[in-house]
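Participant: This note's numbering puts the first residue of the sequence shown at 10, with every later residue one more than the last.
Beta carbons: idealized from backbone N, C-alpha and C, even for Gly.
Source: prediction; values computed, not measured.
Once you've had a glance at the structure underneath, I'll fire off some questions.
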Amino acid sequence: MKAYYFALMTALVWGIVPILEKMGVSRTTPLAGVFLRSCGVIVGISILALFNNSALRTALKADPRTIIYLVLGGFMASILGQILFYNALKTGEVSKVVPIAGIYPLVSFIIGVIFLGEGVTFAKLSGVTMVIFGLFLLR
Numbered sequence: 010m011k012a013y014y015f016a017l018m019t020a021l022v023w024g025i026v027p028i029l030e031k032m033g034v035s036r037t038t039p040l041a042g043v044f045l046r047s048c049g050v051i052v053g054i055s056i057l058a059l060f061n062n063s064a065l066r067t068a069l070k071a072d073p074r075t076i077i078y079l080v081l082g083g084f085m086a087s088i089l090g091q092i093l094f095y096n097a098l099k100t101g102e103v104s105k106v107v108p109i110a111g112i113y114p115l116v117s118f119i120i121g122v123i124f125l126g127e128g129v130t131f132a133k134l135s136g137v138t139m140v141i142f143g144l145f146l147l148r
């Protein structure tokens with residue numbers, strides 16, 4: 010149940026952030042927006058490091074494969090994905106862009122089944138079907 014509440018809080022934060030980003034990126038270029046957003050990440054991680062240096066020590070002790078996976082994920086999400094997302098926000102409506110960009114669980118589901126051997130259940134297939142239907146409606 011704890012994961013459920015964390016997921017709901019994540020949805021709340023991630024639901025607010027695109028509104029802030031739409032307001033910001035409307036006044037600058039998408040690349041400048043990614044730069045400025047990344048400054049916020051740097052400030053945030055610096056504050057975390059100050060108050061929780063055990064996380065920093067643990068990160069520095071991680072094995073190379075873990076480091077590669079997480080750094081690659083950070084680059085793809087925070088740089089590549091954000092540039093694409095800001096271009097979409099700059100030219101589109103936040104009420105359409107965010108739900109369409111939000112089909113990433115569908116991509117994760119497919120990749121998880123193919124590469125991680127995760128199971129396919131009726132509930133998952135139902136969710137995938139609803140995501141695809143919602144995407145069709147927003148098109």
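(1) Between which two residues does the alpha helix (DSSP H) harbouring residue 59 extend?
(2) Which whole-angstrom value describes the C-beta separation of residue 113 and residue 43, a residue pair presumed to lie in contact below a C-beta threshold of 8 Å?
(3) Assuming residue 147 and residue 105 are in contact, meaning their beta carbons sit under 8 Å apart, how far apart are those beta carbons, in whole angstroms?
(4) In whole angstroms, give me the CA-to-CA distance for residue 72 and residue 35.
(5) Please state if the CB of residue 27 and the CB of residue 103 are separated by a distance shorter than 8 Å.
(6) Under the rule that 16 or more other beta-carbon atoms within 10 Å means buried, what is residue 97, buried or exposed?
(7) Can you check which of these residues, 107, 63, 10 and 64, is closest to residue 24 by C-alpha distance?
(8) Which whole-angstrom value is the C-beta distance of residue 39 and residue 77, which I expect to be below 8 Å?
(9) Compute the beta-carbon to beta-carbon distance between residue 119 and residue 144, rounded to the nearest angstrom, for a pair I have assumed lies under 8 Å.
(10) Rounded to the nearest angstrom, what separates residue 132 and residue 111 at their Cα positions?
Facilitator: According to the structure shown:
(1) 39 to 60
(2) About 18 Å separates the two Cβ atoms, so there is no contact after all.
(3) That belief holds up - the Cβ atoms of residue 147 and residue 105 are roughly 5 Å apart, short of 8 Å.
(4) 41 Å
(5) yes
(6) buried
(7) 107
(8) With a Cβ gap of about 27 Å, residue 39 and residue 77 do not count as contacting.
(9) Between residue 144 and residue 119 the Cβ distance is about 14 Å, and since that is not below 8 Å, they are no contact.
(10) 19 Å
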